[in-house]
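Residue numbers for the sequence shown follow my numbering, so the first one is 23 and each next one is one higher. Each residue gets a CB set at the ideal place from its N, CA and C atoms; glycine is no exception. Here's the structure, in structure tokens; my notes come after.
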Amino acid sequence: MFSWKRPVNLGVRNARLAPCKRTPNCVSSQADPADAEHYVAPIPFKGDAIAAVRRVVLGIPRTTIIRTETNYLYAEFRTPLMRYVDDVEFFHDDQAGVIHVRSASRLGRRDFGVNRRRVEELRSRLSSSAGRPPRGDVP
Numbered sequence: 023m024f025s026w027k028r029p030v031n032l033g034v035r036n037a038r039l040a041p042c043k044r045t046p047n048c049v050s051s052q053a054d055p056a057d058a059e060h061y062v063a064p065i066p067f068k069g070d071a072i073a074a075v076r077r078v079v080l081g082i083p084r085t086t087i088i089r090t091e092t093n094y095l096y097a098e099f100r101t102p103l104m105r106y107v108d109d110v111e112f113f114h115d116d117q118a119g120v121i122h123v124r125s126a127s128r129l130g131r132r133d134f135g136v137n138r139r140r141v142e143e144l145r146s147r148l149s150s151s152a153g154r155p156p157r158g159d160v161p
């Protein structure tokens with residue numbers, strides 16, 4: 023319904039995910055840590071990170087995996103009520119031992135903290151039981 027077009031700037035370029043726009047409806051682990059509005063810490067992870075991300079994402083309602091590569095996964099998350107689409111990307115930096123993440127709303131300027139809460143819930147799920155958390159809703 024309210025999905026607009028899929029962004030064309032997604033993906034990994036020079037080991038970086040796309041930067042967040044200036045609007046407060048995006049968070050990224052590759053934003054400047056001094057930018058408290060947009061920055062979230064990367065997710066520490068050793069092992070097959072993208073397989074773990076895939077398992078976690080597949081257990082979340084209203085989520086579609088769009089693209090998976092060796093060190094990258096892109097999924098669309100739909101909000102429960104209005105079915106707005108949020109774009110969520112994961113990039114595994116094997117050398118650093120982290121998963122970088124970017125979560126951004128396609129529409130509007132504000133997200134009332136949904137993207138940040140989503141990343142923190144995903145972090146929690148990836149940290150527990152080797153990426154095999156209980157199924158259930160994520161913001």
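Exposure label - A71; buried when at least 16 CB within 10 Å: For the purposes of this step, residue 71 is taken as residue 49 along the sequence shown, with counting starting at 1. When all chains shown are included, A71 counts as buried.
When R84, A126, V78 and Q117 are compared against S146, the one with the closest alpha-carbon: Sequence index remark: in the sequence shown, residue 146 carries index 124 (1-based). Nearest of R84, A126, V78 and Q117 to S146, Cα basis: V78.
Cβ pair H114, S51 closer than 8 Å: Numbered from its first residue, the sequence shown carries residue 114 at position 92. Numbered from its first residue, the sequence shown carries residue 51 at position 29. No, they are not a contact pair.
Could you give the first and the last residue of the continuous alpha helix (DSSP H) run that contains V78? Locating residue 78 in the sequence shown gives position 56, where the first residue counts as 1. Where V78 is concerned, the enclosing alpha helix (DSSP H) stretches over A71 to L80.
Simplified DSSP assignment, three categories, for S51: The sequence position of residue 51 within the sequence shown is 29, counting from 1. S51: coil per DSSP, three-state reduction.
Less than 7 Å between C-beta atoms, sequence neighbours within five positions excluded: which residues of the same chain meet that for A97? By 1-based counting over the sequence shown, the position of residue 97 is 75. V79, T85, T86, I87, I88 and V110.
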